[in-house]
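Chemist: Top line first, the protein sequences correspond to chains A and U. Residues in the first sequence are numbered from -5 upward in steps of one, following our numbering. Residues in the second sequence are numbered from 51 upward in steps of one, following our numbering. Below is a structure I'd like to ask you about.
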Amino acid sequence: MKERFGEWILVVVLGALAASAAAVGAGAERVRVSSGEREAAPFVERAVYCPPQVDGPRVRQDLGISAETRVPGTVQIEPALRGRTGLPGDGLIVRPVEAPAATNVVGYSAPVAASSVMTTTKPTGIAAASCSPEASDLWFFAAGSSELSADQRLLLYNPFPDEAVVRVALFTPVGERSKANLADVAVPSGEWREVKINRFILREPVLSATVVAGRGRVVAWRAMLSTSDDRGRGFELSLGSTEASQTWYFPDGSIGDSAAEHLTVLNPTGQEAVVTVALSTSRKRIQPPELVDVTVPPNTSKDLDLATIDTGIKADDFGAAATLSSTNGVPVIAERRIVYTGASAGVAAEVGIRAAGMRWVMGPVAPRPDEDSVSVLNTGNRSATVSIELHLEGGEVTAPGKLAEVTLKAGLRKEFALERVTRGRPASVVVTSDRPVVAERSSYSKARRDVSDVMGTAVATPSGR
Amino acid sequence: MSIATKPVPMSAPVAAAGPGSPAVLAVVVTHNGRKWLKDCLVSLNAQTYPHLDVLVVDDASPDFRSSPHLKRVVKRHLRRRRWGFMRTPRSLGFGGAINWALSRVRTDADLLLFVHDDAALDSDALEQMAARLAKDRDTAIVGPKIVSWDDPAMLEEVGMAVDRFGYPYKGLEQEEMDLGQHDHPSEVFYVTSTCMLVDHDVFRRLRGWDAQMRAFSEDLDLCWRARIAGHAVRVEPSAKARHAIALATGERSSRYRPTRYFIRRNRLRAIIKNASAPRLFFLVPLFILLALTEMIGFIVLRQPGEILNVARALAWNLARFPQTLSARARAQRIRAVPDRRLRRLTVKETTRIRSYVGYQAERLEEAWGRRAEFVAARSSEARALGHRMRGAPAALAVIVVIGLLLGFRGFLWSPPAAVGELLPYPERASALWRAFASPWQSVGLGQPGPTSPSLLLLGVWPLVTFGAAAAAQKLLIFVLGLGAFAGAYRLVSEVVDRPGRWTAGSLYLLGAVGYSGMRQGALGALVLGAAAPYVLHSLLRLTGWVRPRGFNVGAEVGKLAIASALGASMAPGCLLVFAGAAVVLAAARALVARPAPAKELLATAAGMACGWALLLPWSATWLSPTGPLDRVWGSEWRSFAATFADHGTFSVLLGQTPDAPALFGMALPVLGLIAVLVAQGQRRRLALALWSVIVASGLLIDLIASGSIRPPVASPTEAGVLASVAFAGLGGIAVGAFRLDLKRRGLGLLQPVALGGLAAAAFLVVAGLGPAVLDGGWEPGGAGHEIGATTVEEVRTVLAGEVQQQGQFRALWVGTGWSSSSPSALRPHADHVLTGSRGQVLSDLFQAPAAAGERSLDRALNAIRSGSTDRGGRLLGAFNISFVVLERGPGVPRWLTQRDFGVVRDEAGYLLLENAAPLARSALYTRVPPEVAGLRAGGSSAAPRISAIERRTTVQDSASSRRAPDASGPGAVFLSEAFDPGWEARVGEQPLERLDGGWANAWEVPPSIAGTLVISYPRTAGGYGWLMALGVGWLVALGAAGSRGRPPDRPGSGATS
């Protein structure tokens, strides 16, 4: 009887415990762990890969190397230059590349950004492209041509210890053009290859390209030497994109009588892409009806000639940024090519920027430029305050008052002339903003009678800034 | 000193030699021997030998004051002799008492006669022995023929022989009659101390008896020492003595028990003292090996006390080894005869084996007799079952078998599981054992240190399968499942009939352990799941909930120790969970009835403490920084607690923790309620006890999930194992109660409720298990592992191919898919795993964390992930990482931009990268590679100064050899093993001086030095000692767990009175 009573007591105790624990447990907050910030990386040694010189007479190449942060570091250029060179925080150094090989710019203790400026004599031209901070097994180029007046080349560099084997695929507005000779292009470890596209394909006015590494990874640039009035005269060089995207930004742009701007869209997917292009001037955002819901069939490229479209842009709004978005979610690649035919003649091409950032670095894009400007597009829906600094060789930093804390309204772009500040001296430009923007630098050289430009390199905002 | 009142004149000679015949002093040592002492003294008094004095030494007999006083007894029976009486202050043993007495009397006796108090000499025995001694000048010791006390016609001893291990051999048949067949004087190896006549001078030279031996085998030692000093030992068969063998037969109480302990102990000491050095070199290891074999034999015979005796004997000798060596030095100093000249007096192994086996056969016969009865009973049950298996039962059995095959098809026919902790076995059958014993780890960063003895246990299976690694894994899982089933079956075996037991076993096998553990690849949970029912069973018994007939606390403690050690070998914190369960059960018991006695509660604590001790020295490191328990409840405890977020009391009560098929889990509480409602008596009480465990488990999980306490175990699966066992037991009780108790209840609401509840539970079980059976739910890694065994096998094949070309290296597997989805203390959630060159194998599970090395590796990985470096190859190369196996995911581009990595394979699920800049595991460089110094944990954050450095010699780092010929300075030796001062390097004979090598080990090779470079990690004697102690401890625990009482001491060979 006593045991029976004890059992009842136990049942009551257990029931009460279970009920209260279940009630408390249901209401209590559970321990959750969010993925915390990683420990600050202590080892800094990173290279950016710069293109080899294009094949041609008297081609010259200069590297503009900019510090990404205020932390001083050292730089080594491999393999062209031996030994390390000090790079002050926020500093710039410009070094000519003697050998025709591709180079690695290695930043120790502090990360660096670099751009390559190449000049040619046949035809006379100048072009700049960013050095790539990464290598990939996939590269996209939207613009391009194989017409007689266009000598298009792909520059492939393999900085890795394993051999890369790549396939170059070409896309026209009617579909993909496969060439057996471009199916297995070997790029040995540490070496580079220049693929002259015109040797493999007949004339195509619009010719996009993809580089797919079946083995290894490479860095790819597209170079084109144009010699006709229609296509412009000059040299263009652009770093490819490693992935497709639904949005592309082009902060600079020229629409008017003396310039012909083309946006070429490559759709490498198996689905039809529907894209819309919006233009931004310093005053307003424009949506040309003809650039709404433009279809790009699968595995094709399409050239959008902005000069032939009624954009409604007045003469004083000459500069216009472009924002291309895929409205049906199919990722594409967009590249812009501008042919200048006025007093500042030349050609320039660049693959767009995929994502906005708060801090951009752009190295020199021409030696002793006669015109130099940086264009900034506010991609957000709130006003941004933008400041521009110029970092000259030797560690000098200038920040003219009119370039400091400039308000840029949502969706608009602004072009800042720099030549009066630089006065022909090489300088890197650092654009900082309190809201996401995109930036592009463009220069004109009378001596080379060509225009060159480079998209900004997004860098992390240093702490305390 | 306590000496009898006025002993025989101590200042005057006790015996004076007469003309012509030597004087003899007889020393009789008595201890609790009144019963025989009178006869002994009378026989001495009646000796025909004239010059005999007698000294009686009482070895601290507790009854010496009893009437008549012992001295009075001596005086009464030695009227014709001069006599003395002495008493030792405390018991010193036979030899010790004689040494003590002779040091306190002055005697010029020529001969000493040592006699046991239970021995009686014939009247002319001493005369015959003295005559033999006088006749043979080389003879120093003479013994009589020993016959039985009660039946003088029966022979007991005519001198003794020994084998090489000092095992005594009489050379007599059992109960051999004395027909004069041994009546020729013969030289023997030794005579027993029952009665021996010793030349006093020789005795002095031998420095008397070995007092350390106390009892047994001291005669062997004395004679052995006399023999190596060049003297002979003989038996004089014309002299006869009766012997009662009182001590060995247990007729005399003595503090020198157990007998076999003293015999083994003293035999080993005698060997160490007297065997020549070359023989000793192999004799001692062989002796220890034989002792261990004997221990295993005692497990079969279920005699844990004997195992303990052997262990004690070894430990005693180990503790007194220095003193034994001193004694050996003294004995060897007078050596005049090599061992080979004594070989004629030793017996062959076959003789000894025949004798030993003959004795053990008797014991085996008894033990196997019990087994035979058991087997016969089971056979008849099986036959009866076979007769019943017709019609519907047979069809049901077939369906169950087909269901099991379907449900387990993913386990039975798939390649070896490679998910979570269910990693493939290494290719070599002995790899786990070598990983346990060797500091040269092939996995992890190689820090030498204690490792979980699980490696030893898991290493058994590849040997069983003759090295077939895949079969070993399946066999292991099968045995674990079988163990889990049997454990749950036993849990309720005392209170329910067979269907109830089968229900308990099946519910447990198909529930948490089989389903959740296997799907998550949680080997730790599987092992814990197999051990937990046994632990709970022991806890229930020790806390008084179940008390079967013949309950043996010692055996229960042994079982608890083994089961808890098995569980803790994979999940150390489970000991705390078990302790908590014991407290809950004891408290609940106190509520219901009388609490369990304090002695048994202490035994419970002792059982778990023994479980912890069985895992030493690894278990001593649990709470050290980066130890397995520190991982779980140290600074990272929140990440473990987060895995409990979806669990708590509610989910435990609904049978959803650990994860099982949802409907199946819901059947468990239904069965639990039926058990409480329907069961009666002990069944109901047991059901309440099991419910206590379930509620407590839920409470524990809730507290962990809410962050109120830090988790003692790593996952809800481990925390909920006891609840799962309890539910299985409740299921068994429900079925048992339905069959046994329901019919005794009066008709009422209970019957339909119970019937309906059982039907509902059966439906839920079928509905829950059905889809899992059809899907093959018991599949290793079925719970969300995207990377299957095939992928892992593919990578391993590629790596194996690289081994052929490059030799051994380390491989880094990056990605959470390679680690367990269910964390455990041994294998916490991690986004990278470091393995040997063969790829992920089971020994990786036990890689010892190396604090400084791990931090350095993490920093290198962070640098890669953050993109601050693209020379990750050099950073990782400092860890001898030659390949990176990269899971496809968001972080992949960072790895692909590393300039030191080449892409070997680019597959949909993973990338295999080859590092172009790995350092050798151990090599001689021109200086310490700078990237190594840069990786110094907690050191400078500056970039490692990468520059070319010349590698001059690579040390061959195979398991058997770590040396490089023709090494020369100046330079630096770098060893990519986590820093440990135990590593040593030398060139030729010159040890190298250590350098600051960052996280690893480095040594400086000075100029003008050349020779063979050797890197080693010398083991200490302590290291081997604990290995031996660990084995002994497990053997004792196994023996205790299987014990059924204490066997009587064996009379016979070597056991003197």
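Every residue, glycine too, gets a C-beta built ideally from N, C-alpha and C.
Round the Cβ separation of R319 of chain U and M263 of chain U to the nearest angstrom and send it over; I've been treating them as touching at under 8 Å.
Modeler: Indeed they touch by this definition, with Cβ atoms about 7 Å apart.
Chemist: If you reduce the DSSP assignment to three classes, tell me which class R511 of chain U lands in.
Modeler: Note on identity: in this sequence residue 511 of chain U is Trp, with Arg being the wrong assignment. Helix, per DSSP.
Chemist: Starting from the C-beta of G264 of chain A, find all residues in its chain whose C-beta is less than 8 Å away, skip the five residues before and the five after it, and write them out in chain order.
Modeler: Taken in chain order, the residues that qualify are P292 and N293.
Chemist: Could you name each continuous beta strand (DSSP E) segment of 3 residues or more that falls completely within the stretch 174 to 226 of chain A, going from the start of the chain to the end?
Modeler: Here the runs fully enclosed are 179 to 181, 186 to 190, 202 to 209 and 213 to 222.
Chemist: Give a yes or no on whether 8 Å exceeds the smallest Cβ distance from F714 of chain U to chain A.
Modeler: So, not an interface residue.
Chemist: Residue range of the alpha helix (DSSP H) that Q373 of chain U falls in?
Modeler: Where Q373 of chain U is concerned, the enclosing alpha helix (DSSP H) stretches over F371 to R383.
Chemist: DSSP has Q1006 of chain U in a bridge; who is on the other side?
Modeler: DSSP lists U:R1013 as partners of Q1006 of chain U.
Chemist: Within the same chain, show all residues whose beta-carbon is closer than 6 Å to that of R310 of chain U, passing over the 5 residues directly before and after it, in chain order.
Modeler: Closer than 6 Å at Cβ, skipping near neighbours: N359.
Chemist: Quick check: G567 of chain U and A575 of chain U, are their CB atoms within less than 8 Å of each other?
Modeler: Contact: yes.
Chemist: On the three-state DSSP scale, how would you describe H437 of chain U?
Modeler: If DSSP states are grouped into helix, strand and coil, H437 of chain U belongs with the helices.
Chemist: I want to verify the contact list: residues of chain A whose CB lies under 7 Å from the CB of L925 of chain U, in sequence order.
Modeler: The answer, in chain order, is F37.
Chemist: Between the alpha carbons of A61 of chain A and F1029 of chain U, how many angstroms are there, rounded?
Modeler: Taking the straight line joining both Cα atoms gives about 38 Å.
Chemist: Under the assumption that G623 of chain U contacts P500 of chain U (Cβ atoms under 8 Å), give the Cβ distance between them as a whole number of angstroms.
Modeler: Actually they do not touch by this definition, with Cβ atoms about 17 Å apart.
Chemist: To the nearest angstrom, how far is it from the Cα of A987 of chain U to the Cα of N912 of chain U?
Modeler: Note that A987 of chain U scores 49 on pLDDT, short of 50, meaning its location in the model is unreliable and no value can be drawn from it.
Chemist: Cα-Cα, which of U:W259, U:D113, U:D200 and U:D233 is closest to V77 of chain U?
Modeler: Measuring from the Cα of V77 of chain U, the nearest candidate turns out to be U:W259.
Chemist: When DSSP labels each residue in this structure, what does N930 of chain U get in the three-state scheme?
Modeler: Three-state DSSP puts N930 of chain U in coil, outside helix and strand.
Chemist: With a cut-off of 8 Å on the beta carbons, I'd call Y438 of chain A and P363 of chain A a contact; round off their distance for me.
Modeler: Confirmed, Cβ separation roughly 6 Å.
Chemist: Note down, in chain order, every chain A residue with its Cβ under 7 Å from the Cβ of P1128 of chain U.
Modeler: Limits of chain U in this structure are 51 at one end and 1107 at the other, which puts residue 1128 of chain U out of reach.
Chemist: Could you tell me which of A:A17, A:T97, A:R376 and A:D366 sits nearest to E434 of chain A, measuring between CA atoms?
Modeler: The option with the nearest alpha carbon to E434 of chain A is A:D366.
Chemist: What would DSSP say about Y43 of chain A, mapped onto helix, strand or coil?
Modeler: Of the three classes helix, strand and coil, the one that applies to Y43 of chain A here is strand, per DSSP.
Chemist: To the nearest angstrom, how far is it from the Cα of S872 of chain U to the Cα of V7 of chain A?
Modeler: Their Cα atoms are separated by approximately 33 Å.
Chemist: With hydrogens ignored, establish whether the beta-carbon of A20 of chain A is closer than 7 Å to any heavy atom of the ligand FAD.
Modeler: The ligand FAD is absent from the structure shown, which contains no ligand whatsoever.
Chemist: Could you tell me whether any Cβ in chain U is nearer than 8 Å to the Cβ of I195 of chain A?
Modeler: With 8 Å as the cut-off, I195 of chain A does not count as an interface residue toward chain U.
Chemist: If you follow the alpha helix (DSSP H) that P5 of chain U is in, where does it begin and where does it stop?
Modeler: Because chain U spans 51 through 1107 in this model, residue 5 of chain U falls outside it and cannot be assessed.
Chemist: Rounded to whole angstroms, how far is the Cβ of I195 of chain A from the Cβ of S232 of chain A, which I believe are closer than 8 Å?
Modeler: 19 Å between Cβ atoms; not a contact.
Chemist: Taking the continuous alpha helix (DSSP H) assigned at N324 of chain U, which residues delimit it?
Modeler: Residues T309 to N324.
Chemist: Any idea which residues DSSP pairs R332 of chain A with across the strands?
Modeler: One detail in the question is off: residue 332 of chain A reads as Ile in this sequence, not Arg. A:E255 and A:A342.
Chemist: Under the rule that 16 or more other beta-carbon atoms within 10 Å means buried, what is K290 of chain U, buried or exposed?
Modeler: Counting Cβ neighbours within 10 Å, K290 of chain U comes out buried, since at least 16 surround it.
Chemist: Over the uninterrupted beta strand (DSSP E) stretch that includes F135 of chain A, give me the two end residues.
Modeler: Note, F135 of chain A: beta strand (DSSP E), L132 to F135.
Chemist: Using 8 Å as the Cβ pair cut-off and three pairs as the minimum, do the stretch 133 to 153 of chain A and the stretch 197 to 206 of chain A touch?
Modeler: Yes: the two stretches touch, three or more of their Cβ pairs being nearer than 8 Å.
Chemist: Label R887 of chain U either buried or exposed according to how many other C-beta atoms from any shown protein chain fall within 10 Å of its C-beta, with 16 as the threshold for buried.
Modeler: At residue 887 of chain U the sequence reads Ser, which differs from the Arg that was named. Under this definition S887 of chain U is a buried residue.
Chemist: What do you reckon, are the CB atoms on V106 of chain A and V162 of chain A nearer than 8 Å?
Modeler: Their beta carbons are not under 8 Å apart, which means V106 of chain A does not touch V162 of chain A by this criterion.
Chemist: When you check each C-beta in the stretch 945 to 977 of chain U against every C-beta of chain A, which residues fall closer than 8 Å?
Modeler: Listed by position, the residues of the stretch 945 to 977 of chain U near chain A (Cβ gap below 8 Å) are L946, T947, R949, D950, F951, G952, V953, V954, D956, E964 and A966.
Chemist: So, using beta-carbon positions, are G495 of chain U and L892 of chain U closer together than 8 Å?
Modeler: Inspection of the sequence shows that residue 495 of chain U is occupied by Leu rather than by Gly. Result no, Cβ atoms of L495 of chain U and L892 of chain U do not sit closer than 8 Å.
Chemist: I want to see whether chain A comes within less than 8 Å of V1112 of chain U, judged by CB atoms only; does it?
Modeler: Lying before the first or after the last residue shown, residue 1112 of chain U is absent from chain U, which here runs from 51 to 1107.
Chemist: Roughly how many whole angstroms lie between the Cα atoms of V815 of chain U and S556 of chain U?
Modeler: Each residue's alpha carbon lies about 11 Å from the other.
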